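Report on the structure given below.
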Amino acid sequence: MIEKSKESAAKVTGVATRAGLRVAALLALTAIVLATPGVARAQDQRLSDEWQPPQVCGYCHDTLYEQFRGTMHSQAAVDPLYLYEVALADEQTGGLVGPFCLKCHTPIGDMLGETSPPGGASDGSALSDIAKEGVTCDFCHTVAGPSDDWPGNSSFESDPGLTKRGPYSDSVSPGHDTAFSEFHTSSDFCGSCHDVNHPLNGLALEATYTEWKESGWADLGVQCQDCHMTPGAGPSTPGSGPVAIFGPERDVVYDMDFTGANAVFGKRDAAEERLKGAAALELTVEGVPEGGVKAGDAVKALVRVKNVGAGHYLPTGLTDTRRMWLEVKAIGSSGDPVELGKVEYHTVFADESGNHDHVPVWFAASIYSDHRVPPMGALDEVIEFAWPEGVSGEAKVVAELKYMSFTQELADKAKLDIEVPVILMAQTEQFIDVPASQLGAAIALVVAFVVVVGIMVVFLRRKPGALARSGRAQQTGAAKATGPEAAGEGSDEGPA
Ligand code: HEC
Ligand code: HEC
Ligand code: HEC
Ligand code: HEC
Ligand code: HEC
0 MIEKSKESAA
10 KVTGVATRAG
20 LRVAALLALT
30 AIVLATPGVA
40 RAQDQRLSDE
50 WQPPQVCGYC
60 HDTLYEQFRG
70 TMHSQAAVDP
80 LYLYEVALAD
90 EQTGGLVGPF
100 CLKCHTPIGD
110 MLGETSPPGG
120 ASDGSALSDI
130 AKEGVTCDFC
140 HTVAGPSDDW
150 PGNSSFESDP
160 GLTKRGPYSD
170 SVSPGHDTAF
180 SEFHTSSDFC
190 GSCHDVNHPL
200 NGLALEATYT
210 EWKESGWADL
220 GVQCQDCHMT
230 PGAGPSTPGS
240 GPVAIFGPER
250 DVVYDMDFTG
260 ANAVFGKRDA
270 AEERLKGAAA
280 LELTVEGVPE
290 GGVKAGDAVK
300 ALVRVKNVGA
310 GHYLPTGLTD
320 TRRMWLEVKA
330 IGSSGDPVEL
340 GKVEYHTVFA
350 DESGNHDHVP
360 VWFAASIYSD
370 HRVPPMGALD
380 EVIEFAWPEG
390 VSGEAKVVAE
400 LKYMSFTQEL
410 ADKAKLDIEV
420 PVILMAQTEQ
430 FIDVPASQLG
440 AAIALVVAFV
450 VVVGIMVVFL
460 RRKPGALARS
470 GRAQQTGAAK
480 ATGPEAAGEG
490 SDEGPA
């Protein structure tokens, strides 16, 4: 264990003589860092010397490491839903599919030949420690370019070793060699994994990269990085500052946080912010007659669902599992909201025999239906309904767009022991004129009349002869004596 850390420190020391005093200081730090038991242990746990665990990169790239921790990339090989599905896929296909899943969820595990044995790896325990780290810093930064079968299905060329590839052409590091890589600055890099095609029949199961490529965002030159590796929900400019301890100031620094939409296992607040920045709603209610609507009237809610912030379809990725839906309801000043209509946005797969009821992706052979919102585009939904009974007063029609990473039913089936959050992405409303009905108005009039008469009777009984008397002082005194109902009357005529 100690041997290894000495070796790394020695390697690093060789570089120092070339790079001057400032770097020498850094090296001292590196040597200390690499000699600490934690790092030595981390290195010792690797099955291979080729890939470093993220913590090691984090000793110098501390901010980037903090951003990376907790991302879905860092959990890709241990994500509980993923592990449940791999086990199921292996079970249902006799172990045929599991090895395919590893290619993107733990590319290092795949390259080390750690294929999941059927039934044996459902908890991920068959993986080495470095493979459990998922899509890591070192994996991404030792990708050398696309492979021949690019894009999709883990089509990258990997060249693990001391050369870390990135966006700078003048980068000097004491910890490793560096090389400029244009591939890393473009969506094409992400396209190696963010298009998933069925390994046997080629059906597009996930097409995030292709969706982006064919969108206006690609025409504008906005890359995945510009939205998923920058602060905020939509496209924004990257940050600036040093990217490593003692590193130089940089004008362009991308974040390693890759926030998406997973509020279950990912960073909840960031995912929620991203989802809220993705969509907008416009609502027009048609068919409300002049003078207002009454129960049973035929009314139409026209809802435009706009994809304003996502660089691909909404939703994207695992679109048979993700849940996004539009809910339109009527709400009165009292009583429960009444649902008027619901539209779901997702993909439904069919298997080889045409069955489209809950077909797992590994049996998908064609797309049965696909209703999702295109990038920079919108879908117009028409919801026709009869104005519901009992919705009156301050009445309104409300449209809401909601998202769940997956259904509660699936979470329960996978025994995840969690409550899947429902995220409100967008909301809009329109107030509707609902006059009180004529019968209602008549009843209200009668009630008011009875109340007024009742009050007068009580007043006259308690103050016999009150009407006959006159004089301000007396009336004011009477009002004081007879309590609230009378006080109202008294004040009408009271002192000006
Ligand atoms: C001993 C400290 C140290 C360690 C450990 C370290 N780095 Fe670096 N790294 C640096 C410094 C310093 C730079 C230069 C920063 C600059 O140029 O602004 C750098 C630059 C980089 C770059 C930019 C390369 C380019 O040309 O664009 C990448 C990518 C990178 N490191 C990845 C990693 C990865 C991955 C790990 C873990 C396997 C790692 N680093 C571990 C110090 C370190
Ligand atoms: C999914 C792949 C991926 C992972 C995981 C990843 N990076 Fe990066 N990293 C990139 C890409 C792509 C860029 C270039 C972004 C650009 O310039 O467009 C980048 C940029 C960098 C840079 C250059 C400075 C900057 O921030 O723009 C450094 C240094 C770096 N990464 C280090 C790390 C470290 C350390 C980790 C882990 C803690 C890490 N990366 C995790 C893909 C990744
Ligand atoms: C080695 C394959 C691979 C590469 C390369 C890769 N990803 Fe991923 N990415 C994954 C996998 C696998 C997941 C899903 C992990 C999970 O949910 O268990 C994922 C998830 C994501 C998510 C979803 C997070 C969420 O919260 O829903 C985003 C966003 C993302 N990646 C962006 C990127 C971007 C941007 C790039 C390019 C800079 C990139 N990825 C490169 C494999 C990859
Ligand atoms: C213009 C900004 C923008 C660009 C460009 C962009 N995305 Fe996204 N992405 C978003 C937003 C906003 C969301 C959240 C809404 C959603 O789920 O679609 C998201 C969500 C995601 C998710 C999670 C989807 C889910 O529901 O699980 C993945 C994965 C992802 N993006 C990957 C990518 C990749 C890969 C690229 C490049 C090919 C890319 N994105 C380009 C804005 C963008
Ligand atoms: C070509 C790369 C690739 C392969 C191969 C792959 N995946 Fe994924 N997987 C992804 C990406 C990218 C995402 C993120 C998409 C999103 O967020 O919607 C993902 C997300 C997931 C998720 C969602 C996890 C969550 O927390 O919501 C599950 C489950 C999953 N994959 C299971 C599998 C299974 C099972 C296999 C094998 C049959 C497999 N994947 C093969 C790239 C891949």
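0 is the number of the first residue of the sequence shown in numbering that gives the first Met the number 0; add one for each residue after it.
Each residue gets a CB set at the ideal place from its N, CA and C atoms; glycine is no exception.
These numbers come from a predicted model, not from an experiment.
Linking Ala410 to Leu80 through their CA atoms gives a straight-line distance of about 8 Å. Closer than 6 Å to some heavy atom of ligand 5: that does not describe the Cβ of Phe138.
Between Gly291 and Asp432, the C-beta gap is smaller than 7 Å, which places the two residues in contact. Between the region 292-307 and the region 366-386, the count of C-beta pairs closer than 8 Å reaches three or more; the two stretches touch. Gly310 and Cys226 do touch by the CB rule: their CB atoms are close to 6 Å apart, below 8 Å.
The continuous stretches of alpha helix (DSSP H) do not include Leu282, which lies in the beta strand (DSSP E) extending over residues 278-285. An exposed status is given to Pro420, since fewer than 16 other beta-carbon atoms sit within 10 Å of its beta-carbon. About 13 Å separates the beta carbon of Pro230 from that of Val251, a gap too long to meet the 8 Å contact definition.
In summary, Gln91 is exposed, with fewer than 16 beta-carbon neighbours lying within 10 Å of its beta-carbon over all protein chains present. In the DSSP assignment, Glu205 falls within the beta strand (DSSP E) that extends over 203-206. The residue among Phe138, Pro150, Ser185 with its C-alpha nearest the C-alpha of Thr162 is Phe138. Relative to ligand 1, the beta carbon of Val342 is positioned no closer than 6 Å to any heavy atom. Here DSSP, grouped into helix, strand and coil, assigns Gly240 to strand. Within a 10 Å sphere around the beta-carbon of Met455 sit fewer than 16 other beta-carbons, which makes this residue exposed. For Phe188, the Cβ falls inside the 6 Å cut-off from some heavy atom of ligand 3. Boundaries of the beta strand (DSSP E) harbouring Leu378: 377-385, taken from the DSSP string. Within a 10 Å sphere around the beta-carbon of Phe155 sit 16 or more other beta-carbons, which makes this residue buried. For Thr320, no beta strand (DSSP E) segment is defined, and its DSSP state is neither H nor E.
In the DSSP assignment, Lys299 falls within the unbroken beta strand (DSSP E) covering 297-306. Just so you know, the alpha carbons of Val390 and Ala329 end up roughly 7 Å apart. Following the DSSP letters along the chain, one finds Arg249 inside the beta strand (DSSP E) bounded by residues 249-252. Annotated as distal: Gly69 and Lys212, with beta-carbon spacing of 7 Å or more.
By the criterion of at least three beta-carbon pairs nearer than 8 Å, the region 239-256 is in contact with the region 58-72. Annotation: the continuous beta strand (DSSP E) that includes Ile422 extends over 422-430. C-alpha of Asn306 to C-alpha of Ala88: approximately 33 Å in a straight line.
Every unbroken stretch of the beta strand (DSSP E) spanning 3 or more residues and falling wholly within the region 126-214 is given here in chain order: 142-145, 155-157, 162-165, 176-179, 194-196, 203-206.
Ala76 counts as buried, since no fewer than 16 other beta carbons sit within 10 angstroms of its beta carbon.
Within 6 Å of the C-beta of Gly259 there is at least one heavy atom belonging to ligand 4.
Rounded to the nearest angstrom, the gap between the Cα atoms of Gly220 and Ala435 is 56 Å. In this structure, ligand 3 has no non-hydrogen atom nearer than 6 Å to the beta-carbon of Ala130.
Taken through DSSP and simplified to helix, strand or coil, Thr346 comes out as strand. Sequence-distant partners of Gln74 (beyond 5 residues in either direction) whose C-beta falls short of 7 Å from its own C-beta, in its chain, are Gly133, Phe264. By the criterion of at least three beta-carbon pairs nearer than 8 Å, the region 334-342 is not in contact with the region 165-178. If you check the CB distance, Leu126 and Gly108 come in under 7 Å. For Ala394, no beta strand (DSSP E) run applies, since DSSP gives it neither H nor E. In this structure, the straight-line span from the alpha carbon of Pro52 to that of Glu205 is close to 28 Å.
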